[in-house]
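Residue numbers (the working numbering): 41 to 258. Ideal placement from N, C-alpha and C gives every residue a C-beta, glycine not left out. These notes concern the structure reproduced below.
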Ligand code: TYD
């Protein structure tokens, strides 16, 4: 089984890089399921609304992200069982990074997400928050008018999120830190080099007919 998660702060380029990687893996003859969190399901929709309007507090949001993930995992596990390579844009590590940066306890966040298996590989796209926010505002003209203070608060928050991601990367073997500062092609080349090794191992696993035992999430 091969579950790849893309992580990083907003504007790191996860969507673009995940799509390019999926295309490359497909060209190699594998079936790929490309997905993301928050999902397009009922809980994911509620979360997006909460992110826009702040209608839930941080703890409720953390529980909703975990609930959305629980639903998402049923689909992910099904695809993995079918022998597909699964690429998810954001996974459990987003909850650990963002919700702990919002002030929630890391141990509690781990506990409410303990049902989620580790990804085989986490591609963490590392970028300076100022650079990332500049990318977002050039992509979405509405956000260019964001006031100075809001911008400053967002940068401060994303700096905290980045710190947690880097600490997670330091302590986890499955994390690959990829600098997202280069061009799209440079970043993609760097990602493919790291994924190549895992694809070779996945191929070996398939050949021997030894699919890792997967837990049932129903
Ligand atoms: P994002 O990837 O930006 O989705 P989209 O661009 O489609 O709106 O995710 C939305 C926000 O949700 C983003 O700021 C990160 C946040 N988030 C968390 O705080 N915790 C989580 O567990 C996840 C999955 C996302």
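| Query | Result |
| --- | --- |
| Run through DSSP, which three-state label would residue 250 get? | Confidence at residue 250 is low in this model, with a pLDDT of 49, below 50, so the placement of that residue should be treated as unreliable; the coordinate-derived value is given next. It is coil, neither helix nor strand. |
| Residues in the same chain with beta-carbon distance under 8 Å from residue 54, minus the five sequence neighbours each way, listed in chain order, please. | 46, 47, 48, 129, 130, 165 |
| Can residue 166 be considered in contact with the ligand TYD, in the sense that its beta carbon sits closer than 7 Å to one or more heavy atoms? | no |
| Nearest-angstrom Cα distance between residue 214 and residue 138? | 19 Å |
| For residue 57, verify whether its CB is less than 7 Å away from any heavy atom of the ligand TYD. | no |
| State the Cα-Cα distance for the pair residue 86 and residue 132, rounded to the nearest angstrom. | 18 Å |
| When we look at the beta-carbon of residue 149 and count the other beta-carbons within 10 Å, is it buried (16 or more) or exposed? | buried |
| Mind checking residue 113: buried by the 16 CB within 10 Å criterion, or exposed? | buried |
| Indicate, with yes or no, if the ligand TYD has a heavy atom lying under 7 Å from the CB of residue 129. | yes |
| Which value, in whole angstroms, describes the spacing of the CA atoms of residue 84 and residue 108? | 6 Å |
| Just to confirm my understanding: we take residue 95, look at its own chain, exclude 5 residues before and 5 after, and list those with CB closer than 8 Å. What are they? | 89 |
| What do you reckon, is the C-beta of residue 157 under 7 Å from a heavy atom of the ligand ADP? | Within the structure as shown, the ligand ADP is missing, the only ligands being the ligand TYD. |
| Considering only the alpha carbon of each residue, which of 220, 243, 59 lies closest to residue 170? | 220 |
| Between residue 115 and residue 79, what straight-line distance do the alpha-carbon atoms span, to the nearest angstrom? | 11 Å |
| According to DSSP, simplified to helix, strand and coil, what is residue 167? | coil |
| Using three-state DSSP, classify residue 155 as helix, strand or coil. | coil |
| Which residue wins for smallest C-alpha separation from residue 58, given the options 241, 163, 198, 157? | 163 |
| For the beta strand (DSSP E) containing residue 43, list its first residue and its last residue. | 42 to 47 |
| By a C-beta neighbour count over all protein chains shown, 10 Å radius and 16 as the cutoff for buried, is residue 44 buried or exposed? | buried |
| Closer than 7 Å to a non-hydrogen atom of the ligand TYD - does that hold for the CB of residue 78? | yes |
| Report the residue ranges of all beta strand (DSSP E) runs contained in full by the segment 50 to 122; include only those spanning at least 3 residues, in chain order. | 72 to 76 |
| CB of residue 228 to nearest heavy atom of the ligand TYD: below 7 Å? | no |
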